[in-house]
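Asks: Numbering (our numbering), first residue to last: 346 to 806.
Before I ask anything, let me first share the structure, which is written out below as structure tokens.
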Amino acid sequence: MNAVIRSSLTTSLLRYSRSWGLWLLLLVAPVGARYMIPRGDGSGTVIAIGDRLPEMTAPFLGVSLGIIVSTLLLPIGWMYLRSNTNRRQPWQVEEVTAASRIAIALGRWAADAAVLLGMLTALTLAGWILAFVIPITGPRNLAQLTLALWLVAAPALLGLAALRILFDAIPFTRGGWGDFGYFIFWMGSLIAPAINEDQPAGFAANMHDFAGFLRPLQYGAPPGTNSFAIGGIDTLPGHVSLDVMAGLFSPGYIPSRLVWVLIAIAVAALAGMLYRPHRATSRIIVPGRLRRWLDGGAPPPAVFAAPPAPRAAAPLLGLLAAEFRLIGAGRLFKLLAVIVAIAAATQDFRHAASPAALLLLVFALTAHAARSEARGLLLLTNTAPISHWLRRAAFIIAGTGWSLLLTLPALLTTPAVLVLQYSIVTGAIIAILSIVLAAISRSAFAARMVLLILWYGYLSS
Numbered sequence: 346m347n348a349v350i351r352s353s354l355t356t357s358l359l360r361y362s363r364s365w366g367l368w369l370l371l372l373v374a375p376v377g378a379r380y381m382i383p384r385g386d387g388s389g390t391v392i393a394i395g396d397r398l399p400e401m402t403a404p405f406l407g408v409s410l411g412i413i414v415s416t417l418l419l420p421i422g423w424m425y426l427r428s429n430t431n432r433r434q435p436w437q438v439e440e441v442t443a444a445s446r447i448a449i450a451l452g453r454w455a456a457d458a459a460v461l462l463g464m465l466t467a468l469t470l471a472g473w474i475l476a477f478v479i480p481i482t483g484p485r486n487l488a489q490l491t492l493a494l495w496l497v498a499a500p501a502l503l504g505l506a507a508l509r510i511l512f513d514a515i516p517f518t519r520g521g522w523g524d525f526g527y528f529i530f531w532m533g534s535l536i537a538p539a540i541n542e543d544q545p546a547g548f549a550a551n552m553h554d555f556a557g558f559l560r561p562l563q564y565g566a567p568p569g570t571n572s573f574a575i576g577g578i579d580t581l582p583g584h585v586s587l588d589v590m591a592g593l594f595s596p597g598y599i600p601s602r603l604v605w606v607l608i609a610i611a612v613a614a615l616a617g618m619l620y621r622p623h624r625a626t627s628r629i630i631v632p633g634r635l636r637r638w639l640d641g642g643a644p645p646p647a648v649f650a651a652p653p654a655p656r657a658a659a660p661l662l663g664l665l666a667a668e669f670r671l672i673g674a675g676r677l678f679k680l681l682a683v684i685v686a687i688a689a690a691t692q693d694f695r696h697a698a699s700p701a702a703l704l705l706l707v708f709a710l711t712a713h714a715a716r717s718e719a720r721g722l723l724l725l726t727n728t729a730p731i732s733h734w735l736r737r738a739a740f741i742i743a744g745t746g747w748s749l750l751l752t753l754p755a756l757l758t759t760p761a762v763l764v765l766q767y768s769i770v771t772g773a774i775i776a777i778l779s780i781v782l783a784a785i786s787r788s789a790f791a792a793r794m795v796l797l798i799l800w801y802g803y804l805s806s
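As structure tokens, this is what we get:
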């Protein structure tokens, strides 16, 4: 069994080493730390204790970096693990071998964990540099910074790797439903600490905090100021003194983090036990009526005797309309667009409606850009009378138009200048980045990863 684990680990790590996306993943952590770490003036990702900003100490910097892992790098890490070179496995060979599926799963989990801990190491190095760049209260103790960061973030990353192995073992969660299930889990892991913030410190209470940042923020806060908030919020003047080290060594905190590590190992082993073989033919797991509704029905039959289509009177307008239609293709997109439009009319524009519209467009624009820039399709579109650059320009204009259309209902409650400024500028930025990165990488992964980082910064600013 040990030989199988080593073989699975070595093979997976070798495949990871050939992935250019690994280097992009390692850069995500330092970039996120540079632009999202909270600063004394309230810029960056705001972390408030009792509606006031904590003093920036070395341990609090480590916890802040751990919060960046929980809120930003966990979903990006999930995307990478599900989209990298190891997403394709030689299951036709592996599933007929006598090797233990538990051993194979543990080896793959160890490889995923090594990659994620490598990302955490890059974030640690970025934190050491930041400790000498931003103003710090008290000594620049790099050991305390590292301890705080790893206690908060490492168990969560190991759990992420285990969930990836588990979801890949079950046919139902190998596709989009697995991504949806992880999104629910990730949101629940962020909401659970807020629900249980009134519980006294202890092992049972800490087990509700998968992300691991609640106790370090709460336990060492002055009496009466132990409520916390993260994100784009208004804070009161002044700073609060926070004893982060007391929170790290509070009753039950370290044992709870170690138990989460053991749970991650157990989940990876469970994935090997629950593993079900792949099928050569695709299985339809969406119910029939829902699938037919989402597909929108079959296209109309071709009319072979139809005369040739006349030359378009305005080909550029036709190109723009086609890009606009293809970005918003599918009934699911239209349903989500209606929900976003309702939110724009009823919710805060800057911190709710605008981020919701951009999140929807991040996935729609990157998907269409990747399809448009695929090598096989480019060979076909080379024969079109319109150049690729005109098509890309039409894509940018259409993406900006979708951003404006989704947020137009906000004019009922928000000044028109603000709505137009944010919608046009942010829509143009994500459209430009989507098409540029898709043209370079020929996939949606790189563009989606970069845009999600920027989206989170926009949401929490």
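Where is the CB? At the ideal position from N, CA and C, for every residue including glycine.
No experiment lies behind these values; they were computed from the predicted model shown.
Between which two residues does the beta strand (DSSP E) holding I392 run?
Replies: I392 -> beta strand (DSSP E) spans 392 to 394.
Asks: As an exercise, report each continuous alpha helix (DSSP H) stretch of at least 4 residues that is fully enclosed by the stretch 751 to 801, in chain order.
Replies: 761 to 786, all fully within the stretch 751 to 801.
Asks: Let me know the secondary structure DSSP gives V612 once reduced to three states.
Replies: Three-state result, V612: helix.
Asks: For A348, is the beta carbon positioned less than 7 angstroms from some heavy atom of the ligand SAH?
Replies: In the structure on display, the ligand SAH does not appear, and there are no ligands present to speak of.
Asks: Report the three-state DSSP secondary structure of I474 (helix, strand or coil).
Replies: If DSSP states are grouped into helix, strand and coil, I474 belongs with the helices.
Asks: Rounded to the nearest angstrom, what separates T759 and F708 at their Cα positions?
Replies: Rounded to whole angstroms, T759 to F708 spans 26 angstroms at the Cα level.
Asks: Pick from P500, L724, I474: whose alpha carbon is nearest that of I608?
Replies: Per the Cα distances, P500.
Asks: For the stretch 489 to 496 and the stretch 393 to 406, state whether three or more C-beta atom pairs, one from each stretch, are separated by less than 8 angstroms.
Replies: They touch, by the three-pair rule.
Asks: Expressed to the nearest angstrom, what Euclidean distance is found between the alpha-carbon atoms of G504 and L756?
Replies: Each residue's Cα considered, the two are about 43 angstroms apart.
Asks: Is DSSP giving I398 helix, strand or coil here?
Replies: Position check: residue 398 holds Leu in this sequence, whereas Ile was assumed. If DSSP states are grouped into helix, strand and coil, L398 belongs with the strands.
Asks: Take the Cβ of I392 as the centre, count every other Cβ of all protein chains shown within 10 Å, and call the residue buried at 16 or more, exposed below.
Replies: Buried, because 16 or more other Cβ atoms sit within 10 Å of the Cβ of I392.
Asks: Going straight from the alpha carbon of G675 to that of V604, what length do you get?
Replies: Going by the C-alpha atoms only, they are around 44 angstroms apart.
Asks: So, at 7 angstroms on beta carbons, what are the nonlocal neighbours of S788 in its own chain, with the 5 sequence-adjacent residues on each side left out?
Replies: These residues qualify, in order along the chain: A715.
Asks: Give the secondary structure of I515 by DSSP, where H, G and I count as helix, E and B as strand, and everything else as coil.
Replies: The answer is coil: DSSP assigns I515 none of H, G, I, E or B.
Asks: What are the partner residues of I575, as DSSP defines its beta bridges?
Replies: Bridge partners of I575: I392.
Asks: Under 6 angstroms Cβ to Cβ from V460, same chain only, skipping five residues before and after it: list those, please.
Replies: Correct list, in chain order: Y361.
Asks: Using 8 angstroms for Cβ pairs, my map puts R427 next to R509. What's the rounded Cβ distance?
Replies: The Cβ separation is near 7 angstroms, so the contact holds.
Asks: Helix, strand or coil for H584, going by three-state DSSP, please let me know.
Replies: In the structure shown, H584 sits in a strand (DSSP, three-state: E or B).
Asks: How long is the line joining the alpha carbons of A743 and V770, rounded to whole angstroms?
Replies: Taking the straight line from one Cα to the other gives about 13 angstroms.
Asks: Please classify I785 as buried or exposed, where buried requires at least 16 neighbouring CB atoms within 10 angstroms.
Replies: Answer is exposed; the Cβ neighbour count stays below 16.
Asks: Would L398 and H584 be called neighbours here (beta carbons separated by less than 8 angstroms)?
Replies: Yes.
Asks: If you check the beta carbons only, do G772 and F669 fall under 8 angstroms apart?
Replies: Against a cut-off of 8 angstroms, the Cβ pair of F669 and G772 comes out as no contact.
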